[in-house]
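Just below is one structure, and these are the notes that go with it.
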Amino acid sequence: MEEKKEKECPWCQGSLILEESHYRGPHGKMKILRCGKCFKLISARLEGEPDGIIKRELLEGGSL
Ligand SMILES: [Zn+2]
25 MEEKKEKECP WCQGSLILEE SHYRGPHGKM KILRCGKCFK LISARLEGEP
75 DGIIKRELLE GGSL
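Residues 25 to 88, numbered by this note's numbering, are exactly what the sequence shown covers, in order.
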């Protein structure tokens, strides 16, 4: 996989500074990552799972 030095926010195109927050959902405690500039959602995953696992079905299901 390609590794980027600096990530870009897909929403505001600024350099991505992640803001971490937590959310208790139906599947357990989730870690929510948002862009620190525009506060739009970047990723959401269950705590304890690797970063690569993004619970898209939760986002699409309207849980967030
Ligand atoms: Zn942003």
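Glycine included, C-beta positions come from ideal geometry on N, C-alpha and C.
When DSSP states are grouped into helix, strand and coil, E43 belongs to the strand group. Residue range 52–59 is occupied by the beta strand (DSSP E) that includes K55. G38 sits in coil when the DSSP states are folded into three classes, being neither helix nor strand. Non-local beta-carbon contacts of K31 in its own chain, meaning distances under 6 Å to residues more than five positions away in sequence, involve L40 in chain order.
By alpha-carbon distance to L70, the top candidate from E44, E43, K55, P50 is K55.
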